[in-house]
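Under the numbering used here, the first residue of the sequence shown is numbered 38, with each subsequent residue one higher. Single-structure report; data block below.
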Amino acid sequence: MVTINTRVNGQVRTADLEGCESAAEVIRDQFGLTGTKLVCGGGVCGACTVRVAGTAVASCLFPATSMRDAEVTTVEGIGTRAALHPVQRAFLAHDGLQCGYCTPGFIVDAVAFYERWRAGQETGEPDRQTIARALAGHLCRCGAYEGIYRAVAAACRGDHDSGHEEIVRVDGPEKVTGEAVYTADVALPGMLHAVLIRSATAAAEVGQVSFGNAPWALEMLPPDRRVRWAGQPIAAVAAETLSEARQFAASTTVQTTELPFVLDPEEAKADGAPLVYETRAARKAAPSSAEGLPLPARWHGNRHGPASMPFRPSAARRRIASAREAGSRGLVELEFTTHPQLHTAFEPHATVADWSDPDLLRLWVSTQAVDHIRHEVTKRYQLRDEQVEVISDYVGGGFGAKLTVAPDTVAAIELSRLSRRPVRLVLSRNEELTATGNRPGSRAKVSLLADDRRGDIQAMLVDVENHAGVAVNNSVAALCTLVYRRTPRLGRDTDIVTNAPPGSPFRGPGGPVYAWALEQSIDALAHQLDRDPIALRQQWDGNRRRQGLYEWAAGLEVWRDRPATGSQSGRFRRGVGIAAANWMYFVDPDCEVVVSVEDGRLVATTASQDMGTGSRTVVARAVAEVFEVAPGEVEVRLGRSAKATPHGPMSGGSRTTVSLWPAAREAAAKLRAEVGGPVTPAHNGASASARRGGDRGIRAIPVTMGEIQVGRGFTAAVHVSEVEVDTHTGKTRVLSVYGGLAVGRPHVPELARSQCEGSVIQGIGLALYENQVLDPHTGLTLTANLEDYRIPQLGDTPEITIYFHEDGWDHVPGGGVGLGEVATISPAASIGNAIFNATGWRPVTLPVRPDRLLRGIR
Ligand code: FES
């Protein structure tokens, strides 16, 4: 053990070191400065950046011993909420953040860049390339890059040198100063640390599990003691420190009998393939990757399905068969393949469970659904409502992966029950990229028929095999049948189960995959018929909101000036592509907001959460508008669910803002009527509440699934992307993206734009880079770190323009609906169509890697 002294943010600190700790571990665990975030643990993402003797370093790789006698600056030393640095002010004003988990690292390095820039350039403005180069070691999974560019440029220009502050997000100040405490930062007195023990093989029968001297341990196997994928939790152990817990996990012995397994969906379909689920009971327990209610489907071996969405399917089949026989040029038949995309939320799955008081289980969980988690836990452990409290003040991203009670939460609860002490369990990046779900892969066959003279749509057949590993209930073909509906059609979804990690809902589940297939097929048909791709969609599409977007897209200069397909022959070829998107409108009718007066201040409370989408700001603005005050004057209490907390929506299914905004406004209006004007301490104790309810005055489609109601009307998006293809290296660069959204009036336009920009970034990742890869011999995930699993960087960000077509949602209170999912669906498909326009070669397999592109164009 060695003891070192170091100066951190101007204060002398002492640390006791075993010698192998990283600076990040010591800064977080011994100094309690949790603004420094741990994301990749490999020096790739930049979230843990601190300055040592003025130089920015990745503290996850920097040895703690090297901090001896050094001057260290963390984000907490850059500026406080009372005295912000110009760079922090710029991030707040230009909304250079969403969930905020990457933000401290960006701020520390951006300050270093700002100082260098201002020393040499005074108030000149760095261009995007210069900023991208300076911050090249930083990643943001939410895709807040546009805001980051704007913020850094503005700070360097000197726009934020004065003390004046503009704040887009009400919780921005906590995030830019490192004050925001996420679940992974929570430390309680007497807390134990836990880790999961996972299967290293893809299929096995598990015998005895021997935990040696581990003081607290539990098995986590299903009743049949089978593991079906590499990474499946087998057991969990807890100990006084994380390193002890890891040692106990390493010395735990698990007796296994390995079983044959199958990872390739084609092999899984063959007769005699190892069965993933060999009994009815096991099939019933298969995880679901659906967000809502699945369509009914039957099992045949490793096939689950098909689940069908038909409308005059015989006519569709007959018409396509005759067109095939006749060799009609109005028929396009294509096959598309996609691979799993990983959510990669920057805050890993994390739980701190405190069940030391048998009458109160307190749970800090990184979740998108505080209220839902509380209800699930209450049910699972047969507790009374007042016995469970769930806390998630800040959430470092989720994207659909944090909607349910995950194994890490179960393990932390059980170990806390055993030990009667608080227990923390935070997944490693390897676990996060292996075991927390993915957007499933697929193979989609599309047959699309149009009249070869007039271009009218005549039939559509979509057959999709979904590859969600051990999970089932995927819908891709079903989504295709909801879009161009004026034709006989049949969509069939079949799950092919394998011993790969389970898929799970991911922003717009099934959406980007359906668009990749269907929107490229339409493009191919337009090309075959020599029709304009927008005009053909206008002819087919019955959604009047999307018609407004087509008009907007047709008028874009980039669209009007696009090259003729296949007309270029140089090394660099430019292309422009379009794709449209369709999604449902969901709402949580039971969402309730209470607005009250405490200490003369407005307080809004609901059991929802903010995972970076801006729910806190939405509620603050809704209440502030009614009272005609600044949003910062409203305290919003989100991220907590207890018996007395009014129900709030989960952050999933694009239902959050559309549920919160009207309820918050109505509650605020009632309170204002009661107090008769601005609030003062004399109004302390006054309060009013409002429930969102279904859409009043209209008949919502009568489908309610749990906390979600399907509202009337489909949301719509259209993306136009411009790419440059390097035909020598096979690399594709996205130059600009125009995203049109028909979701009514955005309640907080800055946040809505940021969500849409982030969707474009994630679409670029899906289109060009992201692909979970498994070892074919073991089933272990090979892309289990951020070096091997490439997500878009600052330098990959194109110029993004977002347009809101506001008509068509007047029947919805507030006049606008959710957009997080519809915005995600069409970017990748528009990039595929742009590559075709540039090269004359159609990419059918995602991601469009350079090797695939070079093979294709040659
Ligand atoms: Fe960057 Fe969420 S804001 S990871």
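Glycine included, C-beta positions come from ideal geometry on N, C-alpha and C.
Proximity below 8 Å, CB of residue i to CB of residue j
| i | j | result |
| --- | --- | --- |
| T415 | W401 | no |
| L803 | A753 | no |
| V369 | L485 | yes |
| L896 | V660 | It is not possible to answer for residue 896, since the shown part of the chain is limited to 38 through 895. |
| A681 | V632 | no |
| Q557 | N870 | yes |
| V757 | I615 | yes |
| F543 | H380 | yes |
| I41 | R105 | yes |
| R461 | C77 | no |
| A537 | L233 | no |
| P497 | A353 | Looking at the sequence provided, one finds Met at residue 497 rather than Pro. Yes; because the gap between Cβ atoms is below 8 Å, this pair is in contact. |
| D489 | G367 | yes |
| H175 | G209 | no |
| V109 | R44 | yes |
| A487 | L555 | no |
| P887 | T766 | yes |
| W553 | L890 | no |
| V780 | L856 | yes |
| D430 | V218 | yes |
| T111 | L75 | no |
Same chain, Cβ closer than 8 Å to residue i, neighbours up to 5 away in sequence not counted
| i | result |
| --- | --- |
| D261 | T316, A318, A319 |
| T238 | V264, A267, T293, E295, F298, T815, G816 |
| R155 | C193, G195 |
| W878 | I872, L890, G893, I894 |
Counted within 10 angstroms of its Cβ, other Cβ atoms place residue i as buried (16 or more) or exposed
| i | result |
| --- | --- |
| A358 | exposed |
| E113 | buried |
| G579 | exposed |
| D530 | buried |
| G748 | buried |
| H814 | exposed |
| Q48 | exposed |
| T160 | exposed |
| A173 | exposed |
| Q405 | buried |
| R513 | Checking the displayed sequence, the identity of residue 513 turns out to be Val instead of Arg. With 16 or more Cβ atoms within 10 Å of its Cβ, V513 is classed as buried. |
| D422 | exposed |
| P835 | buried |
| R736 | Reliability fails at R736, whose pLDDT of 49 lies under 50, so the model's placement of it is uncertain and the value that follows must be treated cautiously. Answer is exposed; the Cβ neighbour count stays below 16. |
Beta-carbon proximity list for residue i, same chain, < 6 Å, skipping 5 on both sides
| i | result |
| --- | --- |
| V712 | H720, A723 |
| P539 | P324, G506, V507, A508 |
| D500 | K482, R529 |
| V39 | L54 |
| R399 | D391, E426 |
| G795 | C179, G180 |
Own chain residues within Cβ distance below 7 Å of residue i, not counting five before or after
| i | result |
| --- | --- |
| G21 | The first residue shown for the chain is 38 and the last is 895, placing residue 21 beyond what the model contains. |
| C57 | none |
| I115 | H122, Q125, I144, V145, V148 |
| R454 | W392 |
| P98 | Strictly speaking, residue 98 in this sequence is Leu, with Pro absent from that position. Cβ neighbours of L98 beyond the five flanking positions: S59, G80. |
| A171 | F150 |
| P343 | A334, R529, D530, T531 |
| G492 | L566, R568, L573, Q576 |
Nearest-angstrom Cβ-Cβ length linking residue i and residue j, presumed shorter than 8 Å
| i | j | result |
| --- | --- | --- |
| G893 | Y840 | With 8 Å as the limit, G893 and Y840 do not qualify as a contact, their Cβ atoms being about 32 Å apart. |
| R790 | E843 | Going by Cβ atoms, the distance from R790 to E843 rounds to 14 Å, so no, they are not a contact pair. |
| E469 | R611 | The Cβ separation is near 37 Å, so there is no contact. |
| S247 | T220 | About 31 Å separates the two Cβ atoms, so there is no contact after all. |
| A275 | A231 | 4 Å |
| P683 | G851 | So it is not a contact: roughly 18 Å between Cβ atoms. |
| I271 | S236 | 6 Å |
| A590 | V755 | 5 Å |
Check whether the segment 191-209 touches the segment 124-144, taking contact to mean three or more Cβ pairs, one atom from each stretch, closer than 8 Å. yes
Would you call the segment 337-349 and the segment 440-448 in contact, with 3 or more CB pairs under 8 Å? no
Segment contact flag, the segment 614-628 with the segment 688-704, C-beta cutoff 8 Å, min 3 pairs: yes
Using 8 Å as the cut-off, can you tell me whether the segment 135-150 makes contact with the segment 641-652, which would need three or more C-beta pairs spanning the two stretches below that distance? Cβ pair count under 8 Å is three or more, so yes.
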